[in-house]
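See structure below.
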Amino acid sequence: MSDKVQPIFILPEGTSRTSGKNAQRMNIMAAKAVAETVRSTLGPKGMDKMLVDSLGDVVVTNDGATILKEIEIEHPAGKMVVEVSKTQEEEAGDGTTTAVVIAGELLKRAEDLMEQNVHQSIITKGFTIAAEEAQKILNELGQKITTEDTENLEKIVITAMTGKNVESSKEKLAKLLVKAVQQIVDRNNNRILINTDNIKIEKKTGGSMEETELIDGIVVDKERAHPNMPDIVKKANVLLLESALEVKETESDTKINISSPEQLRAFMDEEEKTLRDMVKKIKELKATVVFCQKGIDDVVQHLLAKEGILAVRRVKRSDIEKLSRATGGQIVTKLEDAVKEDIGYAGLVEELKVGDEQMTFVRECKNPKAVTLLLRGGTEHVIDELERSIDDALGDLRAVIEDQKVVAGGGAPEIEVSRLIRKYSETISGREQLAIKAFADALEIIPRTLAENAGMDPIDILIKLKAKHEEGMRWAGVNVFDNKVSDMWELGVIEPLRVKKQAMKSSAEVATTILRIDDVIAAGKLKNKDAGMPRGMGGMPDMEGMM
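My numbering puts the first residue of the sequence shown at 103, with every later residue one more than the last.
Shown next, in the form of structure tokens:
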């Protein structure tokens with residue numbers, strides 16, 4: 103008899119497995135490839151990416167979050183890096199490219215250590231210690247700022263928009279955005295909260311970016327319900343209705359048997375009386391403008407027009423809620439239950455033609471807690487990029503006003519944190535010291551990339567930066583416009599502290615998560631040349647599948 107041992111198959115046929123150093127090398131390579139994809143977009147001199155989807159639709163942007171959202175990344179480790187950008191966008195509103203680039207560099211430094219036989223568990227422990235220390239350093243670096251500090255708040259917006267396609271109008275946009283955010287601030291038990299959803303973004307192609315305006319109220323993308331209604335109402339009393347101004351239909355199928363013309367007339371008279379009572383109720387409330395979430399009967403439209411009342415129908419629920427915050431009016435569920443206290447106020451309600459569409463503007467509200475930014479631009483691509491830039495800037499403003507802490511930009515915080523972490527590493531005994539130093543070195547990728555993207559010599563710039571920081575000039579950063587090292591605070595390059603903290607925190611977390619993986623088991627759903635592995639996992643990271 104043969105003593106041969108029968109092989110035991112644990113995984114199903116077609117399943118592919120990569121383990122040990124091969125798995126780690128593949129994951130690190132994929133994550134670095136994702137970071138390299140967006141690295142060239144960092145900073146004021148960053149380049150744009152043109153993304154073309156399967157339908158031929160084009161997006162031109164240098165916004166890291168948009169790029170990573172639009173491209174199809176199939177490698178699981180690459181997807182984990184994309185998750186960093188999503189978290190950064192949700193938590194801080196900006197700094198997605200920074201977070202992804204730092205994550206890629208951390209993995210690159212970790213790979214160097216692994217080649218020197220430093221175990222992954224030591225590297226991950228060192229990275230975790232360094233990330234915690236970075237948070238403490240950043241908290242000490244943060245400068246206090248208040249909601250009323252309009253000048254510095256505008257500088258934050260200008261910093262966020264510098265290098266974007268909207269740069270030519272950044273001063274005007276900064277004024278509009280700061281005013282909008284200051285208007286919607288909520289104070290609750292000494293806490294300052296900002297819900298940027300209360301700034302409605304309305305986009306209309308045509309005109310130039312300079313024509314973008316802030317309306318101290320809401321713009322509704324609807325026209326009057328009836329042409330005989332007034333198109334301008336001053337000192338308007340605004341009624342916000344959730345229900346329809348129509349005769350309510352029964353919930354079940356019902357038949358009404360009418361056997362004579364008198365019965366038909368009586369039925370129709372009763373229906374008209376119900377509709378007239380609705381208009382009578384609106385008049386009693388002294389409402390001069392009605393926004394209705396549902397339909398308005400033709401008879402009601404005619405009667406409202408005769409009374410000189412402007413009505414808009416089929417208004418979106420979100421717009422009704424914003425109108426409530428802007429005008430101070432309550433949303434009425436049943437018209438018969440409405441009281442005068444439910445009525446809101448607007449100094450001016452008017453219907454205007456914007457581009458080729460009629461829109462209703464609700465302006466001059468007393469203390470609007472919801473406002474509208476009407477974006478204008480020559481083409482759809484321009485307006486879409488303008489909206490992305492405004493989203494980033496609003497995220498920055500929200501982070502700053504809620505935390506009331508800022509730092510200078512231009513790579514200054516990264517160099518300062520890197521310098522102090524390197525000093526801190528000397529107090530740690532054991533191999534973790536190597537990983538902490540590697541974390542400090544990785545942070546230098548931000549000023550290095552800023553310099554490279556501006557066509558400067560990164561080595562010269564880093565040497566000058568380190569020298570300035572050693573001299574105590576903690577806001578020394580990369581001045582990409584004058585090709586030198588400058589005090590970024592004096593230049594007005596200011597960023598939210600939250601953006602930097604979140605970038606360092608989330609990049610360290612994803613790097614340690616990827617480093618802990620030593621086995622990748624892929625189910626064989628796709629029968630391809632890579633033995634059933636998903637595309638991008640059977641060798642070098644598949645950039646064709648990513649872009």
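Backbone N, C-alpha and C define an ideal beta-carbon position, used for all residues, glycine too.
Here DSSP, grouped into helix, strand and coil, assigns N469 to coil. Annotated three-state conformation of L377 is helix, per DSSP. Contact annotation: the region 380-393 touches the region 408-418, with at least three C-beta pairs closer than 8 Å. Residue pairing by DSSP places K151 opposite T163 in a beta bridge. Closest in C-alpha terms to I517, from the list L488, K568 and N555, comes K568. Looking at the backbone, the Cα of V612 and that of M461 are separated by about 46 Å.
For L278, the closest of V580, L499 and Q604 by C-alpha to C-alpha distance is L499. Nearest in C-alpha terms to Q604, of all of K151, A137 and N241, is N241. Going by DSSP, D589 is part of no alpha helix (DSSP H) but of the beta strand (DSSP E) stretching over K586 to D589. Residue environment analysis places R427 among the buried positions, since at least 16 neighbouring C-beta atoms fall within 10 angstroms of its C-beta. Counting C-beta atoms within 10 angstroms of its own C-beta, T529 has fewer than 16 neighbours from the protein chains shown and is therefore classed as exposed. Across the set E273, R127, A510 and K306, the C-alpha of A510 shows the shortest separation from the C-alpha of W577. Taken through DSSP and simplified to helix, strand or coil, K210 comes out as helix. Distance from the CA of N219 to the CA of Q535, rounded to the nearest whole angstrom, comes to 14 Å.
Scanning V203, K123, V160 and V184 for the CA closest to the CA of S142 turns up V203. Here DSSP, grouped into helix, strand and coil, assigns K306 to strand. When the Cα atoms are used, D620 and G308 turn out to be separated by approximately 54 Å. Rounded to the nearest whole angstrom, the CA to CA distance from H571 to S520 is 10 Å.
Relative to the Cα of K375, the nearest Cα in the group K388, T474 and L405 belongs to L405. Close CB contacts of V287 within its chain, under the 7 Å cut and outside five residues either way in sequence, are with T249, I294, I296 and I503 (chain order).
The closest CA to that of N267, considering only G479, E253, D399 and L377, is found on G479. In this structure, the CA atom of D165 is about 17 Å from the CA atom of A556.
Sorting I317, N291 and K306 by C-alpha distance to the C-alpha of K281 places I317 at the top. Closest in alpha carbon position to S270, among P598, T314, K302 and G206, is T314.
Distance from the CA atom of L377 to the CA atom of V401, rounded to whole angstroms, is 7 Å.
The beta carbon of S491 sits closer than 6 Å to the beta carbons of M263, K266 and V268 from its chain, once the five residues preceding and following it are set aside; these are given in chain order. In terms of Cα proximity to I623, the closest of P178, L170 and Q284 is P178. Under the DSSP definition of a beta bridge, Y447 partners with N339.
Sorting M590, T615 and E597 by C-alpha distance to the C-alpha of D196 places E597 at the top. CA-CA distance, R211 to E466, rounds to 56 Å. I538 places its beta carbon less than 9 Å from that of G228.
The beta carbon of I260 sits closer than 6 Å to the beta carbons of K272 and A276 from its chain, once the five residues preceding and following it are set aside; these are given in chain order. Scanning its chain for C-beta atoms nearer than 7 Å, with the 5 sequence neighbours on each side dropped, one finds around D444 the residues G431, Q432 and V434, in chain order. Taking C-alpha positions only, E174 is separated from A205 by approximately 19 Å. Just so you know, the alpha carbons of E423 and L564 end up roughly 51 Å apart.
Annotation for P515: the continuous alpha helix (DSSP H) segment containing it runs A514 to S527.
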